[in-house]
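For the sequence shown, the working numbering assigns the number 139 to the initial residue and increments by one for each residue that follows. Don't be surprised by glycine CBs; every beta carbon is placed ideally from N, CA and C. Reading through the structure tokens given below for one structure.
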Amino acid sequence: MYDIKALYEAADVRQAIGLLQEHPAAKIIAGGSDVLVQMREGKLAGAELVSIYGIDELRGITLLEDGTIRIGSLTSFSHIARHPIINEHIAVLGEAVDMVGGPQVRNIGTIGGNTCNGVTSADSGSTLVAYDAVMEVEGPAGQRLIPIREWYVGAGRVSLQPGEIQTAIRIPKESYEGYKGHYIKYAMRNAMDIATLGCSANVKLSADKKTIENARLAYGVAGPVPMRAPSAEAAVKGQAVSEAVIEAFAKAVEQDVKPRDSWRASKAFRLHLAGELARRALREAIRLSGGEF
């Protein structure tokens, strides 16, 4: 049984915002794969809930006129993983969300829930950070577009203001055009497990596939929030594709990540993982881009 004080069902975005204003202590529930687990554990006992699950306008993936990929916040992981726009332009995101939980969770869980809970281990988080995603938010004052670097404000916290809901995630054309990426999730088990460390790299090669024009690297569980690795990115930008450059990339990661000790893994092990996963992710991203060593 779930200890729920009240459940309000919104028919559209404006009604959802109104309900959140009327009930400022209420929590948003979409697929429920996070909220219901917390309630079952007693962490949200007696909560008021505003359900946005019935708002179909928050579902779907579209390619906007300017080339921006827009992913509605209620789009399920399963839908993202098999959508042609994702597979053509940012296949790595489909691969990342296909590692969330099991089939049941992927069918009900949403990309909005995965990013709004603010946890560093979210499988979508590092890839969205690596692609400079933008969060689309609606609230009492209208729409806001929040760069993902400003979205995560602390462990389990995001920059939503009272009465606001996330409506979509946008990935600008300049963030994905010409890039190929690879995501690696290291966990104790191959399925149904939270990441010990997640690593997402993408790369843009020169026309002759011999030079790294740009590379981006992001992690989950390497710090309190999903984070980029700017030192590693700078170490390879403009460099010729080589094993030596990949080694420099992996080594530079040590300047960026800030993992901690936990029951899942020690800080030292996570530091080792950060370098090794960076090495493997960049190598595979280069291969996907047509580069050779």
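Original post:
If we call anything under 8 Å between Cβ atoms a contact, is S262 one with L283?
Top reply: Taking the sequence shown and counting its residues from 1, one reaches residue 262 at position 124. Taking the sequence shown and counting its residues from 1, one reaches residue 283 at position 145. Cβ distance not < 8 Å, so S262 and L283 don't count as in contact.
**OP:** Using alpha carbons as the reference points, say which of A406, R398 and N340 lies closest to A367.
**Re:** To locate residue 367, count along the sequence shown from 1; it is residue 229. It is N340 whose Cα lies nearest to the Cα of A367.
**OP:** Pick out whichever of Q242, S259, T253 and S427 has its Cα sitting closest to the Cα of K347.
**Re:** In the sequence shown, counting from the first residue as 1, residue 347 sits at position 209. Minimum Cα distance to K347 is reached at S427.
**OP:** Could you round the C-beta distance between A356 and S264 to whole angstroms and report it? I think they count as a contact, below 8 Å.
**Re:** Residue mapping note: residue 356 aligns to position 218 of the sequence shown, counting from 1. Residue mapping note: residue 264 aligns to position 126 of the sequence shown, counting from 1. Indeed they touch by this definition, with Cβ atoms about 4 Å apart.
**OP:** Can you tell me the Cβ-Cβ gap for T253 and A168, rounded? I've got them flagged as a contact below 8 Å.
**Re:** The residue you call residue 253 lines up with position 115 of the sequence shown. The residue you call residue 168 lines up with position 30 of the sequence shown. Actually they are not in contact, since the Cβ atoms of T253 and A168 sit about 11 Å apart, beyond 8 Å.
**OP:** May I ask you to verify whether the segment 264-283 touches the segment 302-320, counting CB pairs closer than 8 Å and requiring at least 3?
**Re:** yes
Original post:
Beta carbon of Y105, beta carbon of A234: below 8 Å?
Top reply: Because the chain in this structure spans residues 139 to 431, residue 105 falls outside the shown range and cannot be described.
Original post:
Pick from V363, I350 and S344: whose alpha carbon is nearest that of C337?
Top reply: On the sequence shown, residue 337 is found 199 positions in, with the first residue counted as 1. The option with the nearest alpha carbon to C337 is V363.
Subject >> Beta-bridge partners of G319, as assigned by DSSP >> reply: The residue you call residue 319 lines up with position 181 of the sequence shown. Answer is N340, bridged to G319.
**OP:** Compute the beta-carbon to beta-carbon distance between V395 and G358, rounded to the nearest angstrom, for a pair I have assumed lies under 8 Å.
**Re:** Position 257 of the sequence shown, counted from the start, is the residue given in the question as residue 395. Position 220 of the sequence shown, counted from the start, is the residue given in the question as residue 358. Incorrect: roughly 11 Å between the Cβ atoms, too far for contact.
**OP:** Tell me whether V175 is buried or exposed, calling it buried when 16 or more other Cβ atoms sit within 10 Å of its Cβ.
**Re:** Position 37 of the sequence shown, counted from the start, is the residue given in the question as residue 175. Result: exposed.
Original post:
For the 8 Å Cβ check, are there 3 or more pairs between the segment 289-303 and the segment 381-398?
Top reply: no
**OP:** Go through the segment 191-232 residue by residue and report every complete run of the alpha helix (DSSP H) that reaches 4 residues or more, in order.
**Re:** 215-220 and 222-227
Original post:
First and last residue of the alpha helix (DSSP H) that includes N252?
Top reply: Position 114 of the sequence shown, counting from 1, holds the residue named residue 252. Per DSSP, N252 belongs to the alpha helix (DSSP H) from I249 to C254.
Subject >> P278 versus E195 - alpha carbon distance >> reply: The residue you call residue 278 lines up with position 140 of the sequence shown. The residue you call residue 195 lines up with position 57 of the sequence shown. Approximately 18 Å, taken between the alpha carbons.
Original post:
For R244, is the classification buried or exposed, using 16 other Cβ atoms within 10 angstroms of its Cβ as the cut-off for buried?
Top reply: Indexing the sequence shown from 1 puts residue 244 at position 106. Burial call: buried.
**OP:** Pull up the CB-CB distance for G210 and E147, whole angstroms please, since I reckon it's below 8 Å.
**Re:** Taking the first residue of the sequence shown as position 1, residue 210 is located at position 72. Taking the first residue of the sequence shown as position 1, residue 147 is located at position 9. Not really, about 18 Å apart at Cβ, beyond 8 Å.
**OP:** Could you spell out where the beta strand (DSSP E) holding T305 opens and where it closes?
**Re:** Along the sequence shown, one-based indexing puts residue 305 at 167. Run containing T305: I303 to I309, per the beta strand (DSSP E) assignment.
Subject >> Residue closest to Q393, alpha-carbon to alpha-carbon, out of Y290, T200, R425 and M365 >> reply: As a position in the sequence shown, residue 393 is number 255, starting the count at 1. Nearest C-alpha to Q393: M365.
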